[in-house]
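Visitor: I'd like to ask you about the structure that follows.
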Ligand code: PLP
């Protein structure tokens, strides 16, 4: 039996898809949440067919099975934060929205995954609309990269995207600027109280799983009780180190080294 000296870790509920190459998706989330000192519990929304080069397919999990898994978890554990990545379909988004209603007050980080870095789709066409309508209003933080923000907001500039996505109901939106055409990378955190910007050097190469890693690190920090800005600060500093040490497991993209 654990005694009072046993360290406790906050539980983070991760809802995301499986990438068999181990770079992105649920692998990235488990590694990041664990490295940040929290405990990841997982609902796997689907299996993808991919390697470190590209995604060529996916198969989604039956929503009844996901609901049974969620019931089993909620019967037993309490959660200090939720991270949502690949959802895959409007049916899964609907199930996730109902699950979040059972976790009032728990901060939700939503990474609105639409496609892999190399372009392969990671969801049905109904996903963007369902994300905006059902999950944005429940999110403390949404973490799109610029192409995802543009697709969801129907806008071009980072500022216009941020405003439109706040209007969709998210409490805050962190738009990452890796895909922007700027010499250094600018990440923008849009909040109702204002906007904060971070600038980092642009690293060479293209990364697999950097968005998943960042969103999971934010969720883990929120689980420890950080304020939103503290969580985003901590998570970005940690992800920057993971990206500096990124390595290449195959012939394709680099994978962040998600050490503690
Ligand atoms: N989730 C899954 C299951 C994926 O396979 C991918 C990318 O391939 C992503 C999320 C998004 O990854 P990234 O963090 O590179 O945006």
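Numbering (my numbering), first residue to last: 1059 to 1318. Backbone N, C-alpha and C define an ideal beta-carbon position, used for all residues, glycine too.
Roughly how many whole angstroms lie between the Cα atoms of residue 1225 and residue 1114?
Guide: On the chain shown, residue 1225 is found 167 positions in, with the first residue counted as 1. On the chain shown, residue 1114 is found 56 positions in, with the first residue counted as 1. Computed Cα separation, rounded: 34 Å.
Visitor: Drop a sphere of 10 angstroms on the beta-carbon of residue 1285, count the other beta-carbons inside from all chains shown, and report buried for 16 or more, exposed for fewer.
Guide: Here residue 1285 is taken as the residue at index 227 of the chain shown, counted from 1. Its Cβ having fewer than 16 others within 10 Å, residue 1285 is exposed.
Visitor: With respect to the beta strand (DSSP E) encompassing residue 1160, which residues constitute its N-terminal and C-terminal limits?
Guide: Counted from its first residue, the chain shown places residue 1160 at position 102. Per DSSP, residue 1160 belongs to no beta strand (DSSP E) and is neither H nor E.
Visitor: So, residue 1070 versus residue 1278, is the Cβ gap smaller than 8 Å?
Guide: Locating residue 1070 in the chain shown gives position 12, counting from the first residue. Locating residue 1278 in the chain shown gives position 220, counting from the first residue. Against a cut-off of 8 Å, the Cβ pair of residue 1278 and residue 1070 comes out as a contact.
Visitor: Rounded to the nearest angstrom, what separates residue 1271 and residue 1141 at their Cα positions?
Guide: Start at 1 with the first residue of the chain shown, and residue 1271 comes out as number 213. Start at 1 with the first residue of the chain shown, and residue 1141 comes out as number 83. Approximately 11 Å between the Cα atoms of the pair.
Visitor: Tell whether a beta-carbon distance below 8 Å holds between residue 1101 and residue 1127.
Guide: If you number the chain shown from 1, residue 1101 lands on position 43. If you number the chain shown from 1, residue 1127 lands on position 69. Yes, they are a contact pair.
Visitor: Quick check: what's the CA-CA separation for residue 1094 versus residue 1217?
Guide: Working through the chain shown from its first residue, we reach residue 1094 at position 36. Working through the chain shown from its first residue, we reach residue 1217 at position 159. Taking the straight line from one Cα to the other gives about 30 Å.
Visitor: DSSP state of residue 1171, grouped into three classes?
Guide: Here residue 1171 corresponds to residue number 113 of the chain shown, with the count starting at 1. It is coil, neither helix nor strand.
Visitor: Ends of the alpha helix (DSSP H) at residue 1121?
Guide: Position 63 of the chain shown holds residue 1121. Here the alpha helix (DSSP H) through residue 1121 covers 1121 to 1134.
Visitor: Could you pull out every residue in the same chain whose Cβ sits closer than 6 Å to the Cβ of residue 1088, ignoring the five residues on either side in sequence?
Guide: Taking the first residue of the chain shown as position 1, residue 1088 is located at position 30. Within the same chain, residue 1088 has close Cβ partners 1098.
Visitor: So, using beta-carbon positions, are residue 1134 and residue 1192 closer together than 8 Å?
Guide: Your numbering for residue 1134 matches position 76 in the chain shown. Your numbering for residue 1192 matches position 134 in the chain shown. Cβ atoms of residue 1134 and residue 1192: not closer than 8 Å.
Visitor: Under a Cβ-count criterion, where at least 16 other Cβ atoms within 10 Å of its own Cβ denotes burial, should residue 1077 be classed as buried or exposed?
Guide: Residue numbering aside, residue 1077 sits at position 19 when the chain shown is read from its first letter. That one is buried.
Visitor: Do residue 1117 and residue 1132 have their beta-carbon atoms positioned less than 8 Å apart in this structure?
Guide: Within the chain shown, numbered from 1, the residue matching residue 1132 stands at position 74. Within the chain shown, numbered from 1, the residue matching residue 1117 stands at position 59. No, they are not a contact pair.
Visitor: Going by the beta-carbon positions, is the gap between residue 1223 and residue 1232 smaller than 8 Å?
Guide: Residue mapping note: residue 1223 aligns to position 165 of the chain shown, counting from 1. Residue mapping note: residue 1232 aligns to position 174 of the chain shown, counting from 1. No. Outside cutoff.
Visitor: Using the C-alpha atoms, what's the distance from residue 1147 back to residue 1125?
Guide: Working through the chain shown from its first residue, we reach residue 1125 at position 67. Working through the chain shown from its first residue, we reach residue 1147 at position 89. Between residue 1125 and residue 1147, the C-alpha separation is close to 15 Å.
Visitor: Using DSSP with H/G/I as helix, E/B as strand and the rest coil, what is residue 1244?
Guide: Locating residue 1244 in the chain shown gives position 186, where the first residue counts as 1. Here residue 1244 sits in strand by DSSP.
Visitor: Let me know the secondary structure DSSP gives residue 1182 once reduced to three states.
Guide: The sequence position of residue 1182 within the chain shown is 124, counting from 1. Residue 1182: coil per DSSP, three-state reduction.
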